[in-house]
Amino acid sequence: MGIELPQSFQVLTYAGIWRPLEWKGLKARAYDLYTSIVIFFHLSFLTSGLLDMEFENFEFIAMVDHVSLVVGYVQNIPKITSILNYRQDIIEVIDKLQIHPLRLKNADEELTHAKYDRLDRMITFWFPKLGMTSIAWYTMRHFVAINTAYGLPYRGYFPYNYTVNPVIYWCTAVEQMYSVIILAVVNAGFNVFLPTMMFQVCGKLTVLQHRFKLLIKKLEIIASTDKQILSEDKLKKIEQQLLCDWVENHIAILNLFKFTNILFSKAVFIHYVTNTVVLCTVAYMLSQTQIDDLNFVTNVFFFIVMCSQQFLQCITAQQVTIEFENLRNEIYNSDWHSSRTTIMKSMLIIMCKTSQPVVFITGHFVDLSLDSFKKIIKLSYTIFNVLE
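Rendered as structure tokens:
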């Protein structure tokens, strides 16, 4: 197809869940094998972690650490499946972003869209680095905590004795480390891709507002045009075409947002629900750890990453809602009532359509916004107080 992948897709490529479109033949098959390995490592680590759960004679801090890691794999499974299952739809969306009506037409529109392009680049640059720094500290802590000759960096159940041979032991240990690294990369890739799609919607909405201002100016010029220069029928056709182009653009953005909602809904909902437990348990671990302890630094990084993930999802969804509201206000505050009667009727229909609130709904009942972020923080704090 010859399209240039956004920066966020490069992170997904490293994670093993997005094969570049230009890769064909043996190269594509090799990458598909890599994707299968990533999925296998996710499922094997998740299964091993679940089978190693002990609810009798367990150390609370160690159990919380183990559960938090297992929950990370639970969160990642729907993220991987959503990207793989909707791959063809994502490709079609990328193509639509580069053609009419979503394609940027001139320098003014590019300047209008530049705000969200800068935010996208900033998140794509910094967020994966934050995630990988966190996982580096996490892995270092687990290596330091190994107190036996054949101790593994992470807990897990294995149907074989990995202590009988150094080769088997190191294969098992490396498999665990690689699984956790892949966990972090997939998580970073998905949590960069989500705001990228949201910012695309926001950017297109700001461009749509700009196009509406131009539309009103053109309609005013048409309304003042001498009928001797252009016939009444010709003027009506021009007006109808201008309105149709704008409405087509609006519908395309709504469809883009609906697809984004469908793509991320399940994964975001699972992440939202499980994060409540993870945040409060990590906060409890921080309260029970000395500041000069390596575990404290590790848990601080982990807490920052989990909070930033949730905040990023909520703030970008909130921004989409705000931009739709800005579009509605732009239409209401315009001088549309000075247009011709037929145009005013069309404008009333447009205003009725834009008056409907547009929100990112996950799990059929959770509206993703800053209010939902506040709720998860409050609920986590409540559970934290219970643990205390």
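To convert, take the position in the sequence shown, counting from 1, and add 23; that gives our numbering. C-beta: ideal position from N, C-alpha, C; glycine also.
Taking C-beta to C-beta, are residue i and residue j nearer than 8 Å?
i	j	result
ALA159	PRO176	no
PHE292	THR385	yes
PHE287	SER105	yes
SER331	LEU217	no
ASN322	VAL305	yes
HIS89	ARG178	yes
ILE345	ILE373	no
ILE103	ILE60	no
ALA340	LEU125	no
TYR201	TYR173	no
GLU262	ILE366	yes
ILE40	LEU107	yes
ILE239	SER357	yes
ILE406	CYS267	no
ASP75	TYR180	yes
GLN223	LEU120	yes
CYS194	VAL343	no
LEU317	VAL167	yes
SER31	THR156	no
THR377	ARG351	yes
LEU265	LEU231	no
PHE68	TYR37	no
VAL34	ALA211	yes
THR299	ILE399	yes
PHE64	GLU198	yes
Could you give the residue range of the beta strand (DSSP E) that holds residue i?
i	result
THR385	383-385
Can you say whether residue i is buried or exposed, counting buried as having 16 or more other CB atoms within 10 angstroms of its CB?
i	result
TYR404	exposed
LEU206	buried
SER392	buried
TYR139	buried
LEU49	exposed
TYR161	buried
GLN333	buried
ASP21	This structure does not reach residue 21, given that the chain is present from 24 up to 411, and the question cannot be answered.
GLU255	exposed
TYR307	buried
HIS294	buried
PRO151	buried
CYS337	buried
CYS375	exposed
LYS397	exposed
VAL409	exposed
ASN99	buried
ASP143	buried
HIS387	exposed
GLN379	exposed
VAL187	exposed
PRO101	buried
ILE169	exposed
HIS360	exposed
Could you check what DSSP says for residue i in three-state terms: helix, strand or coil?
i	result
VAL409	helix
LEU28	For LEU28, the pLDDT reaches just 46, beneath the cut-off of 50, and the residue's location in the model is therefore unreliable, leaving the point undetermined.
ARG110	helix
LYS257	helix
GLU45	coil
PHE181	coil
GLN263	helix
TYR173	coil
SER395	helix
HIS123	coil
GLN311	coil
ILE40	coil
THR297	helix
THR104	helix
THR304	helix
THR186	coil
Between which two residues does the alpha helix (DSSP H) harbouring residue i extend?
i	result
PRO189	189-246
ILE158	130-167
Would the beta-carbon of residue i be found less than 7 Å away from any heavy atom of the ligand SAM?
i	result
THR70	Among the components modelled here there is no ligand, and therefore nothing to report on the ligand SAM.
With a floor of 4 residues, list each alpha helix (DSSP H) that falls wholly inside the stretch 315-392, ordered by position along the chain. 317-356 and 364-377
Unbroken stretches of the alpha helix (DSSP H), 4 residues or longer, contained in the stretch 57-101: none
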